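The opening position of the sequence shown corresponds to residue 68 in the numbering used here, with each subsequent residue numbered one higher. Don't be surprised by glycine CBs; every beta carbon is placed ideally from N, CA and C. All figures in this text were calculated on a predicted structure; none of them were measured in a lab. Scroll down for the structure; my scribbles are underneath it.
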Amino acid sequence: MVTMMATIEDSLSDKLEAARRDILDEYRAEHNYPWIIGFSGGKDSTLVAQLVFEMLLELPPSERSRPVHIVANDTLVEAPLIANHLSAILDRMRSVIPGLRLPLTVRKTTPKQDQTFWVNLIGRGYPSPTRSFRWCTDRMKIQPTSEYIRSVVDENGQAILLLGVRRQESATRAMSVARYSNGERLNAHNTLSGCLVFRPIVDFTTDEVWQLLLQRRPPWGGTHRQLVTLYRNAQGGECPLVLDKDDAPSCGTSSSRFGCWTCTVVVKDHSMEGFVESGNAHLEPLMDFRDRLASLRTDPDMRMARRRSGVASHLADGSLIPGPFTFEARRLILAELLEVQAKVGEPLISDQEIIEIKRIWAEDATRAVSNQPSAADA
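Here you go:
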């Protein structure tokens, strides 16, 4: 048994050393393209960020020439415990970077004000997302972070995106890694021109990731205890950084991943159930409201007959495909959301979103009177 454990430790030590060597070699490469770390706050991206931090700290300040961006995405409807954890980690990173003299920039991307979850659902009346109409992923995850990456590419010619993806995550992830791998350390991103992808922990197992995190304190201070607690309570994993539609199926799956508390793509939100059962009973109204959004979607009395473009759509059998939520349904959802917000004591919708929602309502009311479709949805 001792020999077996020693062999496992040696294997992990070798794998870690290889990953650290790859990271250092790539950082010292002749080109000086900036790095972008896709950071979700979950275990895998945390390990990647930690390895990069540690590599930079081992270099003399004069050799820390390549800029590194740590980029997280906030959909604005993340589960509150996850959103709070992510914000705390990013704030901690920002606070130590100047004193450590690291070439790091920390950014959080969010959806455009007119493309948030609530503006689309309550403002435009989009039904809560389904597998066949997952309108949220592109607007809330893909576009905000992709735009940031494009801006870095435009400024520098190219950029290198570091992702904490691993083959062992799932069969789908393994296929995705294989599809876009060319046997080299860097691979061209399949949708972002000028972006090269670097996966430094692609061959690590889940157990190895946890072992490394538990053995090492984060260079930005504190411990990984809160991260461990989140996973234990949710009994799952983080929703991954999504940068293209090939990754979209992993956003909103039947697994125990945690992400948007409003996600109705899944039948049950197992991670939120885990949070509630582990002592966060104040979040139970979020589960109930998520279920409410799913039930309203299937109520024909809550849906318009035509799409926002003014077109009436039908299935092959001639049955009507319902359009957006009615004005009455949208008002009802907003009123109930504000009640839930007061109950849980967490910010769920911003004043700016409510202003945008009411602006869209006014435009829709004017179009309804003049019988004109929405130009944006035509």
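Extent of the continuous beta strand (DSSP E) to which residue i belongs
i: His136; result: Val135 to Asn140
i: Gly105; result: Trp102 to Gly105
i: Ser228; result: Correcting the residue type first, residue 228 is Leu in the shown sequence and not Ser. Its beta strand (DSSP E) spans residues Ala226 to Leu229.
i: Ala255; result: Leu253 to Ala255
i: Val173; result: Leu171 to Thr176
CA nearest to the CA of residue i, picked from the options
i: Ala96; options: Glu84, Arg133, Arg198 and Pro178; result: Arg133
i: Asp92; options: Ala301, Pro165, Glu130 and Gly288; result: Glu130
i: Gly346; options: Asp205, Asp270 and Leu148; result: Leu148
i: Asp77; options: Thr296, Tyr298 and Glu275; result: Glu275
i: Leu263; options: Thr272, Lys335, Glu251 and Thr273; result: Glu251
i: Asp366; options: Phe342, Ser417, Phe120 and Thr393; result: Thr393
i: Ala150; options: Ala435, Val343, Asp431 and Trp328; result: Trp328
i: Leu79; options: Trp202, Val119, Glu214 and Thr272; result: Thr272
i: Arg357; options: Arg364, Glu344 and Thr331; result: Thr331
i: Leu124; options: Asp221, Pro285 and Trp277; result: Pro285
i: Leu399; options: Ile416, Arg434 and Leu363; result: Leu363
Close-in-space but distant-in-sequence residues of the same chain around residue i (CB under 6 Å, 5 per side omitted)
i: Arg359; result: none
i: Pro128; result: Arg168
Own chain residues within Cβ distance below 7 Å of residue i, not counting five before or after
i: Phe106; result: Ser112, Ala116, Ile137, Val138 and Ala139
i: Val219; result: Pro101, Ile103, His136 and Ala226
i: Glu420; result: Thr183, Trp185 and Val186
i: Val163; result: Trp287 and Gly288
i: Arg161; result: Val173
First through last residue of the alpha helix (DSSP H) which encompasses residue i
i: Phe342; result: His337 to Glu344
i: Ala301; result: Arg292 to Ala301
i: Tyr215; result: Gln210 to Asn223
i: Ser154; result: Pro147 to Leu167
Own chain residues within Cβ distance below 8 Å of residue i, not counting five before or after
i: Gly224; result: Tyr100 and Gly261
i: Gln180; result: Val186, Gln419, Glu420 and Glu423
i: Val411; result: Pro147, His349, Leu350, Pro352 and Leu353
i: Met72; result: Caution applies to Met72, whose pLDDT of 45 falls short of 50 and renders its modelled position unreliable; the value that the coordinates give is listed next. Excluding positions up to five away in sequence, the list is empty.
i: Pro391; result: Arg191, Gly192, Tyr193, Pro194, Arg370, Met371, Arg374 and Arg375
i: Met122; result: Arg87, Ile90, Leu91 and Tyr94
Identified DSSP bridge partners for residue i
i: Val264; result: Leu228 and Asn254
i: Arg370; result: Phe392
Quiz prompt | Segment contact flag, the region 395–410 with the region 216–235, C-beta cutoff 8 Å, min 3 pairs | solution = no
Exercise. Please determine if the region 152–159 and the region 183–197 are in contact, where contact requires at least 3 C-beta pairs separated by less than 8 Å.
Key: no
Quiz item: Are the region 76–85 and the region 202–210 touching, with three or more C-beta to C-beta distances below 8 Å?
Solution: No, because fewer than three Cβ pairs between the region 76–85 and the region 202–210 fall closer than 8 Å, the two stretches do not touch.
Practice problem: Could you say if the region 186–194 and the region 416–433 meet the contact criterion of at least three C-beta pairs nearer than 8 Å? | Solution: yes
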